[in-house]
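K.L.:
Let me begin by handing over the structure; questions about it come next.
In full-length UniProt numbering, the protein residues as written are 1 to 177.
Quick look at the structure:
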């Protein structure tokens, strides 16, 4: 992970396992496309994949999309079986992984240089700084308004940030019989 997910890491782990299970079920269902009308209807509804009504196979016009959807779901399964390399992307549960700064930071050491950003660029009052990535981000907080999550993709330093308000929605009740 990336950080600041204390207290919800078990929930995230459950969602992760459920996503993998769903991908496995979806791939298995796609393998039975020709014999299952429900699978054909679901793929039409969610992905616009058309069937050839005479053979109940994927239509020629939808074959590439079918292959892409199946490959993406299979990649979720494959990715779950890989050893974590410690590389990115990172998952964060708030913007605590970066902070506002008025000072320049060394991209090598990550430490402040003592120079004000404004002295380097008069139009820059402050930026967000990530000590993990040793990179600057935008000069505004992303987790505002209706934003529930955001991604970054700077020079292969990938991250997914879930904004704290996403965790404030009421949880569904689980009934155990």
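No residue lacks a Cβ here, since even glycine has one placed at the ideal position from N, Cα and C.
Per the DSSP calculation, residue 64 is bridged to which residue(s)?
P.N.:
Residue 64 pairs with nothing; no bridge assigned.
K.L.:
Residues bridged to residue 57 by DSSP?
P.N.:
52
K.L.:
For residue 180, which option in 162, 73, 102 has the closest C-alpha, if you only look at C-alpha atoms?
P.N.:
Any answer about residue 180 is impossible in this case: the structure gives the chain only from 1 up to 177.
K.L.:
Please report the distance separating the alpha-carbon of residue 111 from that of residue 14.
P.N.:
Looking at the backbone, the Cα of residue 111 and that of residue 14 are separated by about 37 Å.
K.L.:
Compare the C-alpha of residue 119 against each of 104, 131, 128, 108 and name the closest.
P.N.:
104
K.L.:
Hey, out of 31, 127, 38, 97, whose CA is closest to residue 162's CA?
P.N.:
Taking only the C-alpha atoms, the option nearest residue 162 is 97.
K.L.:
Looking at residue 80 and residue 160, is the spacing between their C-beta atoms short of 7 Å?
P.N.:
no
K.L.:
Comparing alpha-carbon positions, which option in 145, 10, 149, 23 lies nearest residue 76?
P.N.:
23
K.L.:
Whole angstroms are fine: how far does the CA of residue 4 sit from the CA of residue 164?
P.N.:
10 Å
K.L.:
Alpha carbon to alpha carbon, how far is residue 7 from residue 60?
P.N.:
Going from the Cα of residue 7 to the Cα of residue 60 covers about 48 Å.
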